[in-house]
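Down below is the structure, laid out as structure tokens.
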Amino acid sequence: MKIALAQQNYHIGNFQENVTKIISAIRQAQDEGADLVVFPELSVCGYPPLDLLDQKSFIEKCLRAVESIAPVCKDIAAIVGGPAYNDDPAGKSLFNSAFFLYQGKVVDQVNKSLLPTYDVFDEYRYFEPNRQFKVIPFRGQKIGITICEDIWDNQPAPNSLGRTRLYTLSPMEELSRLHPDVVINISASPFSTSHEKIKKKILKDHAGKYSVPIVYVNQVGAHTELIFDGASMVVNSSGNIVSELAWFREDFQVIDMGEVDRMDAVAHAEKETTEKIYEALILGIHDFFAKQGFSKAVLGLSGGIDSSVVAALAVEALGQDNVAGLLLPSQFTSQHSIDDAVELAENLGIDYHILRIDSLFEQYKKVLHPLFNNLPEDVTEENIQARIRGNLLMAYSNKFGNILLNTSNKSEAAVGYGTLYGDLAGGLSVLGDVYKTQVYDLARYINRSRTIIPANVLIKPPTAELRPNQKDSDSLPEYSVLDPILFRYIEQYKTPDEIIEEGFEEDTVMQVIRMINRNEYKRYQTPPILRISSKAFGPGRKMPLVAYF
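Here the sequence shown stands for residues 44 to 592, where the numbers follow the working numbering.
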């Protein structure tokens, strides 16, 4: 039996576009001699549809989409994903389903068993879990179907509470009792830097343990915060990966399942982490714009590392003609910062404008003088400058229809080193899940072939330039110290004592954690953050705003 893997990029709720893509791939698979073509999880509607699943009209369109695809599947079968009604009056109204299409109709349906409800996932909010397992007979073979999380049954809970296994049910164990000849896994599994090794290990372990080949087909593309990497693959019954599709782009491949157990493991060169982050962020920016009907971006260019990296990523994602930069210097801005920003803009070939904010800043202080009554200047005046810049950038955005890209990084977001309605403004946060030390890695990667980001940007001390001779290290630990503490606390769920035991100074650790906890209110008001880690700020990290801990 020949199976086609259709790794596609869907647009949530754009049924016409999604169905057209699916039908095109079915015809391609038929032309290439495939017996079965497999599509990702919730392929007819895109993943994650969130509370659109609460709207009956949305569900009806999903079901009509499946019905419109079925007639194309006459001499070829297809597995497509979509929601389905739960006919049982008890339980949730919907299943997360895989539809088996053949001979012009839906001949079978398999429902998802394990519903992730952690981090960015909230599937039990909408779906009823499956508890009945079956294989589907097709052309002399028995096909087992799983949906994404169904193969993640043996993983620990993603927290610090010591659970070694998140689920008590194993769909693979249940299917193995039915002796499938192949197991299909349709997925919408988002990218994170730690995800690849875990995913490959799971697939290889299951295939080897149950002596069955696994065909894994993942969605590619980005939906708001979530970036899907694709990287679909086939694992033979010995646990060897014998085929792997592209990362971060659509791909298609037909594989003869009768040959997989005789095939050697593929020797793909592993991408470096920085390269994967770079490609993920480009895809995230591109799809955020394209799927909303926007094409142009604007950002503030400070001459610093963060705005330089975001500008370079935006140009790669959108094209140089679609990116504009505003330089907004004040009396505290050094000439070398202006020069670095200009050099960057010219290296990228983007349109840029210099608007000094000195007179606006002085006017603000003049208007506020009767209220402040000669009080000494402090962070208030620093924040005014940031908000003036945010105002000007948003004015440009409104006038010309460019989405403002936020340039704050994860280190700053964690400790609240930013100004609400100022440098935290924007339509999309590109680096909000990228630590400062990783931003430097990205800059070096961007410069791997030629100098795009000026060399001076990579070596000068980071600074907000909101007061004379200011440096980030005046307010924060060095990033080489700060970032490892943040990583351990946010992503590894380590306690302060555990972090201190690793050799970090107690005063520094406690200072950082206090800053994280007291700045939750800022993170509530930041733009959507492109997620590249296992624990990003945003919908995957739910913390109370009013709390005492």
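Positions of the beta carbon are idealized from the N, C-alpha and C atoms, including for glycine.
Member of the options whose CA lies at the smallest distance from the CA of residue i
| i | options | result |
| --- | --- | --- |
| Met558 | Pro570, Glu541, Ile533, Ile572 | Ile533 |
| Asp401 | Ile381, Thr376, His412 | Thr376 |
| Leu324 | Ser345, Thr551, Asp540, Thr236 | Thr236 |
| Asn390 | Glu420, Ala498, Lys442 | Ala498 |
| Lys252 | Ser281, Trp290, Asp162, Pro570 | Ser281 |
| Ser232 | Met276, Arg220, Gly205, Leu212 | Met276 |
| Leu204 | Gly546, Pro132, Ala590, Thr538 | Thr538 |
| Ile393 | Asn426, Met437, Thr423, Ala340 | Ala340 |
| Leu269 | Gly583, Tyr145, Asn426, Tyr591 | Gly583 |
| His238 | Glu302, Leu221, Ile320 | Ile320 |
| Phe164 | Lys247, Gln296, Ala579 | Ala579 |
| Tyr488 | Thr423, Glu315, Asn434 | Glu315 |
| Met215 | Arg208, Gly362, Asn197 | Asn197 |
| Pro172 | Tyr145, Pro199, Tyr210, Val150 | Tyr210 |
| Met437 | Leu411, Ile427, Pro413, Gly469 | Gly469 |
| Leu344 | Met306, Pro83, Ile397 | Ile397 |
| Gly273 | Thr267, Val255, Glu293 | Glu293 |
| Arg174 | Arg206, Arg182, Ala200, Ser140 | Ser140 |
| Pro201 | Arg561, Val258, Gln535, Leu144 | Gln535 |
| Asn259 | Pro132, Ile229, Lys243, Met586 | The sequence given here places Tyr at residue 259; Asn does not occur at that position. It is Ile229. |
| Arg430 | Leu371, Gln146, Asn154 | Leu371 |
| Val366 | Asn445, Ser67, Val309 | Asn445 |
| Glu386 | Arg531, Gln152, Ala360, Ala355 | Ala355 |
| Lys148 | Ala108, Ala456, Lys155 | Ala108 |
| Ser156 | Ile112, Ser213, Phe142 | Ser213 |
| Phe332 | Ala310, Asp304, Val358, Asn61 | Val358 |
| Ser523 | Pro504, Pro511, Arg208 | Pro504 |
Cβ separation of residue i and residue j, assumed to be a contact under 8 Å, to the nearest whole Å
| i | j | result |
| --- | --- | --- |
| Thr189 | Ile227 | 7 Å |
| Leu342 | Leu218 | Contact doesn't hold; Cβ gap of about 49 Å is too wide. |
| Val500 | Asp383 | 5 Å |
| Gln137 | Ile179 | The identity of residue 137 in the sequence shown is Leu, whereas the question assumes Gln. Not really, about 21 Å apart at Cβ, beyond 8 Å. |
| Pro223 | Ile186 | 6 Å |
| Glu424 | Lys409 | With 8 Å as the limit, Glu424 and Lys409 do not qualify as a contact, their Cβ atoms being about 12 Å apart. |
| Ile298 | Ile46 | 6 Å |
| Asp484 | Arg432 | That belief does not hold up - the Cβ atoms of Asp484 and Arg432 are roughly 27 Å apart, past 8 Å. |
| Lys177 | Leu221 | 7 Å |
| Gly34 | Leu85 | Beyond the ends of the chain as shown, which are 44 and 592, falls residue 34; an answer cannot be given. |
| Phe82 | Ala127 | So it is not a contact: roughly 15 Å between Cβ atoms. |
Element boundaries [beta strand (DSSP E), containing residue i]
| i | result |
| --- | --- |
| Leu269 | 269–272 |
| Gln50 | 45–50 |
| Gln296 | 294–299 |
| Glu287 | 284–287 |
| Ala340 | 340–343 |
| Met306 | Premise fails: Met306 is in no beta strand (DSSP E) and is neither H nor E. |
| Met37 | This structure leaves residue 37 out entirely; the chain is present only between 44 and 592. |
Residue i - containing alpha helix (DSSP H), residue span
| i | result |
| --- | --- |
| Val226 | From DSSP, Val226 is part of no alpha helix (DSSP H) but of the beta strand (DSSP E) over 225–230. |
| Asn499 | 498–502 |
| Tyr259 | Note, Tyr259: premise wrong, no alpha helix (DSSP H); beta strand (DSSP E) at 257–261. |
| Glu84 | Unbroken run through Glu84: none, as it is neither H nor E. |
| Gly251 | 238–253 |
| Val109 | 99–112 |
| Gln428 | 422–443 |
| Lys64 | 58–74 |
| Ile325 | 316–333 |
| Asp540 | 539–544 |
| Arg594 | Any answer about residue 594 is impossible in this case: the structure gives the chain only from 44 up to 592. |
| Asp526 | 522–529 |
| Glu216 | 214–219 |
Minimum Cβ-Cβ distance from residue i to chain C less than 8 Å
| i | result |
| --- | --- |
| Ala384 | Here chain C cannot be found, since the structure has a single protein chain. |
Quick check: the stretch 340–356 against the stretch 515–526, are at least 3 beta-carbon pairs closer than 8 Å?
no
Sequence ranges, beta strand (DSSP E) only - wholly within the stretch 446–482, length at least 3
446–449
Segments of 3+ residues assigned as beta strand (DSSP E) that fall wholly inside the stretch 119–199
120–128, 137–145, 148–154, 178–181, 184–190
Within the stretch 360–408, note down every full alpha helix (DSSP H) run reaching 4 residues or more, in order along the chain.
378–391
Mind the definition here: the stretch 472–480 touches the stretch 560–576 only if three or more C-beta pairs lie below 8 Å; say whether that holds.
yes
Taking 8 Å as the cut-off, does the stretch 51–63 touch the stretch 89–107 (at least 3 CB pairs, one atom from each stretch)?
yes
Touch test, the stretch 252–265 against the stretch 318–332, Cβ-Cβ under 8 Å, three pairs minimum:
yes
Please confirm if the stretch 457–476 is in contact with the stretch 561–571, defined as three or more CB-CB distances below 8 Å between the two stretches.
yes
The stretch 406–419 touching the stretch 441–456, judged by at least three CB pairs closer than 8 Å
no
Counting pairs of Cβ atoms below 8 Å between the stretch 77–84 and the stretch 112–126, do you hit three or more?
yes
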